[in-house]
Amino acid sequence: MTCQFCYKNISEKRCFTSVLFLKRRSFQTCEDCLKQFEKIDEESCFSCYQKTTLEKCQDCLDWETKGNSVKHKSIYRYNQAMKTYFSVFKFQGDYLMAWQFAEEIKQTLKLYKDFTVVPIPLSKKRMATRRFNQVEALLEAAEISYERILEKKDIDSQTTKTKKERLSSEQVFKIKQDIKIPKKVLLVDDIYTTGQTIFLAKKALQDIGVKEIISFSLAR
């Protein structure tokens, strides 16, 4: 077998194999590549998991001054290995990458069984380009059910914007018609950066009466 990251040959005993794709195809990563992913440790913000020695990071303090409480959880740091992963997964369209962290996502999100899981959507334009929503792919690989409650307007890519530009973004989300309003929502995204995407989605949900909203992302 071949490692999906470095393309080196790996033996059956040294590979990481998660859920089979269509019960026939599997995802393999060698031990050397797996070690490059950095799990979030105790040196993190209590509210958003950003790397810091403080109990609460400046980003969360800034959000609180605007009246927004931060309740977010992530599993991995957004380091170079994770950037490479998302480059292949999102931008090169390798759908099988969704299975890389499926078991960890499944084990984390099973703690929120009383929440309705809502993935951050793609705009129609972005969906036409990528052909799949990477957040939904992560949830499906982890066998997590979800509800498509939000829709997203077509906007410029956030990856090209500065932090200041991201934080000043206007509302890009709206609620789908004829949906049942859940009491508790777990918003799921792939990466948490400034928090702006999460809070815009949160505001849209609050406006229709959702009482409790927390969030999760694979990377921070």
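The sequence shown runs 1 to 220 under the UniProt record's numbering.
Beta carbons are placed, not taken as given, at the ideal position from N, Cα and C, and that holds for glycine.
Please read these numbers as outputs of a predicted model, since none were measured by experiment.
Check your understanding: Shorter than 8 angstroms from the beta carbon of Leu150 to some beta carbon of chain B?
Key -> No chain B appears in the structure shown, which is made up of a single protein chain.
Practice item. Would you check if the distance between the CB atom of Cys30 and the CB atom of Cys45 is smaller than 8 angstroms? Key: The sequence position of residue 30 within the sequence shown is 30, counting from 1. The sequence position of residue 45 within the sequence shown is 45, counting from 1. No, Cβ-Cβ distance for Cys30 and Cys45 is not below 8 angstroms.
**Study point:** With 16 other Cβ atoms within 10 Å as the buried cut-off, status of Lys211
**Key:** Looking up residue 211 in the sequence shown gives position 211. Its Cβ having fewer than 16 others within 10 Å, Lys211 is exposed.
Point to revise | Contact belief for Gly93 with Arg131 at Cβ below 8 angstroms, rounded distance in angstroms | key: On the sequence shown, residue 93 is found 93 positions in, with the first residue counted as 1. On the sequence shown, residue 131 is found 131 positions in, with the first residue counted as 1. About 6 angstroms; that satisfies the 8 angstroms criterion.
Practice item. Mark Ser74 as exposed unless 16 or more other C-beta atoms lie within 10 angstroms of its C-beta, in which case mark it buried. Key: Counting from 1 along the sequence shown, the entry for residue 74 is found at position 74. Its Cβ being crowded by 16 or more others within 10 Å, Ser74 is buried.
Check your understanding: Going straight from the alpha carbon of Asp32 to that of Met82, what length do you get?
Key -> Against the sequence shown, residue 32 aligns to sequence position 32. Against the sequence shown, residue 82 aligns to sequence position 82. Straight-line Cα distance between these residues: approximately 14 angstroms.
**Study point:** With 16 other Cβ atoms within 10 Å as the buried cut-off, status of Tyr7
**Key:** Here residue 7 is taken as the residue at index 7 of the sequence shown, counted from 1. Flag for Tyr7 reads exposed.
Point to revise | Residue from Ala201, Leu122 and Leu200 with nearest C-alpha to Lys90 | key: As a working mapping, residue 90 is identified with position 90 in the sequence shown. Checking every option, the nearest Cα to that of Lys90 belongs to Leu122.
Exercise for review: Go through its chain and collect everything with a Cβ distance to Gln206's Cβ below 8 angstroms, but skip five positions before and after it.
Suggested key: Within the sequence shown, the letter at position 206 stands for residue 206. Here the set comprises Ile213.
Practice item. Determine the closest residue to Met97 out of Leu138, Gln107 and Lys51, with distance taken between C-alpha atoms. Key: On the sequence shown, residue 97 is found 97 positions in, with the first residue counted as 1. Among Leu138, Gln107 and Lys51, the Cα nearest to that of Met97 is on Leu138.
Exercise for review: Please name the residue in Tyr192, Leu200 and Val185 whose C-alpha comes closest to that of Phe173.
Suggested key: The residue you call residue 173 lines up with position 173 of the sequence shown. Answer by Cα proximity: Leu200.
Review point. Going by alpha carbons, who is nearest to Leu150 out of Gln4, Val185, Ser169 and Ala142?
Key: Start at 1 with the first residue of the sequence shown, and residue 150 comes out as number 150. Here the closest residue by C-alpha is Val185.
**Study point:** Ordered list of alpha helix (DSSP H) runs contained in the UniProt domain "Phosphoribosyltransferase" (143–218), each at least 4 residues
**Key:** 163–167 and 196–206
Practice item. Buried or exposed for Leu54, please, with buried defined as at least 16 other CB atoms from any protein chain shown within 10 angstroms of its CB. Key: Here residue 54 refers to the residue found at position 54 of the sequence shown. So Leu54 counts as exposed.
Check your understanding: Can you tell which of Gln80, Val117 and Val135 has its C-alpha closest to the C-alpha of Phe101?
Key -> Numbered from its first residue, the sequence shown carries residue 101 at position 101. Of the candidates Gln80, Val117 and Val135, the one whose C-alpha sits nearest the C-alpha of Phe101 is Val135.
Exercise for review: Would you check if there are 3 or more beta carbon pairs closer than 8 angstroms linking the stretch 36–44 to the stretch 177–194?
Suggested key: no
Check your understanding: Counting along the chain, where does the beta strand (DSSP E) carrying Thr116 start and finish?
Key -> As a working note, residue 116 is residue 116 in the sequence shown. Run containing Thr116: Thr116 to Pro119, per the beta strand (DSSP E) assignment.
Practice item. With a threshold of 16 other CB atoms inside 10 Å of the CB of Gly67, please say whether the residue is buried or exposed. Key: Along the sequence shown, read from residue 1 onward, the residue named residue 67 stands at position 67. Label assigned to Gly67: exposed.
Practice item. Between the Cα of Glu147 and those of Ile198, Leu187 and Cys48, spot the shortest distance and give me the residue it belongs to. Key: Looking up residue 147 in the sequence shown gives position 147. Per the Cα distances, Leu187.
Check your understanding: Are His72 and Ser215 close, meaning C-beta to C-beta below 8 angstroms?
Key -> Taking the first residue of the sequence shown as position 1, residue 72 is located at position 72. Taking the first residue of the sequence shown as position 1, residue 215 is located at position 215. Closer than 8 angstroms, so yes.
Review point. Ser217 and Asp178 look like a contact to me (Cβ under 8 angstroms); what is the Cβ gap, rounded to whole Å?
Key: Locating residue 217 in the sequence shown gives position 217, counting from the first residue. Locating residue 178 in the sequence shown gives position 178, counting from the first residue. With a Cβ gap of about 28 angstroms, Ser217 and Asp178 do not count as contacting.
**Study point:** Buried versus exposed, by CB contacts within 10 Å (16 or more), Gly195
**Key:** Mapped onto the sequence shown, residue 195 falls at position 195. Per the 10 Å Cβ criterion, buried.
Check your understanding: What did DSSP end up calling Ile75 once you bin it into helix, strand or coil?
Key -> What you label residue 75 is simply residue 75 of the sequence shown in a count that begins at 1. In this structure, Ile75 counts as strand in the three-state DSSP scheme.
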